[in-house]
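Single-structure report; data block below.
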Amino acid sequence: MRPVDLAREHGLSAQAVRNYDDAGVLPPTDRSESGYRRYTPRHAQALRAFLALRRGHGHQGAVEIMRAVNRGATDSAYRLVDAAHVALVAERDTRAEVAAALDGLSAMAPARGRPLTVGELARRLGVHAATLRTWEAAGILRPERDRATGYRHYGPDCVRDAEIARQLRRGGYRLGQVARFLESLREAGGTEALSTFLDSWQTRLLTRARDLLAGAARLDAYLTELEQG
Numbered sequence: 051m052r053p054v055d056l057a058r059e060h061g062l063s064a065q066a067v068r069n070y071d072d073a074g075v076l077p078p079t080d081r082s083e084s085g086y087r088r089y090t091p092r093h094a095q096a097l098r099a100f101l102a103l104r105r106g107h108g109h110q111g112a113v114e115i116m117r118a119v120n121r122g123a124t125d126s127a128y129r130l131v132d133a134a135h136v137a138l139v140a141e142r143d144t145r146a147e148v149a150a151a152l153d154g155l156s157a158m159a160p161a162r163g164r165p166l167t168v169g170e171l172a173r174r175l176g177v178h179a180a181t182l183r184t185w186e187a188a189g190i191l192r193p194e195r196d197r198a199t200g201y202r203h204y205g206p207d208c209v210r211d212a213e214i215a216r217q218l219r220r221g222g223y224r225l226g227q228v229a230r231f232l233e234s235l236r237e238a239g240g241t242e243a244l245s246t247f248l249d250s251w252q253t254r255l256l257t258r259a260r261d262l263l264a265g266a267a268r269l270d271a272y273l274t275e276l277e278q279g
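So in the numbering used here the end of the sequence shown lands on 279, straight run, no missing numbers.
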């Protein structure tokens, strides 16, 4: 088969197939006397596996997996596949933490009022000033600084974040979990927007899980082809 023959199945250009070949995605290729590449059904199987893997692992991840397989380092390929699933589990856990924290929060009124000093905020929350500095170091709080004095000023949004952090910490959440929740909250623009964000996040996770499964199935078919010689 010619590069165009492999390309046609996937709506690719012949040059894209040649590029994948040069990148090590395809197994070693024979050439005709005139220098043209000659592909076999095995190369077609490899290309199918790569394109399926790419949806779940990304382009570079899929390239690395196929390179490992084609050089006979199947254990390395398995490790790369496993690492992607571990990363997906970690992301699922992070989303679950954020969702659980959102469910545990009561509706909060919009933050208003003048900026507070570290002492004022500490008294309002019933915590030590050192606790606020610890939260800042963990990325939970982002107070502004007075340019003249260098003192911290906690504006309404920062006060809101501190109140959420106190509630989550009382609920047993670790500093890293609180920081991730608040980062998602800031990105989404509020608790209502965060609910939509969480739904979208869950959809992305489910899609990636299916893509990883589909990629694994194609990879297994390619490995079977190699084992059969």
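All residues carry an ideal CB built from backbone N, CA and C; glycine is no exception.
Could you compute how far the alpha carbon of residue i sits from the alpha carbon of residue j?
{"i": "tyrosine 272", "j": "leucine 244", "result": "41 angstroms"}
{"i": "alanine 259", "j": "valine 209", "result": "38 angstroms"}
{"i": "alanine 146", "j": "glycine 239", "result": "19 angstroms"}
{"i": "leucine 232", "j": "leucine 130", "result": "31 angstroms"}
{"i": "proline 165", "j": "alanine 66", "result": "57 angstroms"}
{"i": "alanine 99", "j": "glycine 74", "result": "13 angstroms"}
{"i": "leucine 218", "j": "alanine 188", "result": "14 angstroms"}
{"i": "threonine 274", "j": "leucine 62", "result": "25 angstroms"}
{"i": "alanine 267", "j": "glycine 226", "result": "36 angstroms"}
{"i": "alanine 57", "j": "tyrosine 70", "result": "11 angstroms"}
{"i": "alanine 159", "j": "glycine 205", "result": "Residue placement at alanine 159 cannot be trusted, given a pLDDT of 49 that sits under 50; what the coordinates show is reported in the next sentence. Rounded to the nearest angstrom, the two C-alpha atoms are 15 angstroms apart."}
{"i": "tyrosine 201", "j": "arginine 173", "result": "17 angstroms"}
{"i": "serine 234", "j": "alanine 123", "result": "39 angstroms"}
Specify, as a first and last residue, the run of the alpha helix (DSSP H) that residue i falls within.
{"i": "proline 206", "result": "206-220"}
{"i": "valine 228", "result": "225-238"}
{"i": "threonine 184", "result": "179-187"}
{"i": "tyrosine 272", "result": "241-277"}
{"i": "isoleucine 115", "result": "91-120"}
{"i": "aspartate 55", "result": "53-60"}
{"i": "arginine 197", "result": "Taken as a continuous stretch (DSSP letters only), arginine 197 belongs to no alpha helix (DSSP H), as it is neither H nor E."}
Residue i and residue j: beta carbons closer than 7 angstroms?
{"i": "arginine 104", "j": "alanine 112", "result": "yes"}
{"i": "aspartate 80", "j": "arginine 88", "result": "yes"}
{"i": "alanine 149", "j": "leucine 248", "result": "yes"}
{"i": "valine 168", "j": "leucine 191", "result": "no"}
{"i": "histidine 203", "j": "glutamate 194", "result": "yes"}
{"i": "threonine 144", "j": "arginine 230", "result": "yes"}
{"i": "alanine 96", "j": "proline 77", "result": "yes"}
{"i": "alanine 102", "j": "glycine 279", "result": "no"}
{"i": "valine 136", "j": "alanine 127", "result": "no"}
Which residue's Cα is closest to the Cα of residue i: the options?
{"i": "methionine 51", "options": "Ser82, Gly61, Asn69, Ala73", "result": "Ser82"}
{"i": "glutamate 141", "options": "Asp261, Gly265, Leu256, Tyr223", "result": "Leu256"}
{"i": "glutamate 221", "options": "Leu152, Arg195, Tyr204", "result": "Just to set this straight, residue 221 is glycine in the shown sequence, not glutamate. When each option's Cα is compared against that of glycine 221, the closest is Leu152."}
{"i": "tryptophan 185", "options": "Arg197, Leu171, Arg254, Ala198", "result": "Leu171"}
{"i": "aspartate 207", "options": "Arg197, Arg236, Gly85", "result": "Arg236"}
{"i": "leucine 138", "options": "Leu269, Leu276, Arg254", "result": "Arg254"}
{"i": "threonine 90", "options": "Pro53, Thr241, Ser84, Asp125", "result": "Pro53"}
Residues in its own chain within less than 6 angstroms of residue i by CB, not counting five upstream and five downstream?
{"i": "methionine 116", "result": "Val75, Phe100"}
{"i": "histidine 107", "result": "Ala134"}
Between residue i and the rest of its own chain, which residues show a CB-CB distance below 7 angstroms, the 5 nearest in sequence each way excluded?
{"i": "arginine 216", "result": "Leu175, Val177"}
Apart from the five residues on each side of it in sequence, which residues of its chain come closer than 8 angstroms, Cβ to Cβ, to residue i?
{"i": "glutamine 252", "result": "Arg145"}
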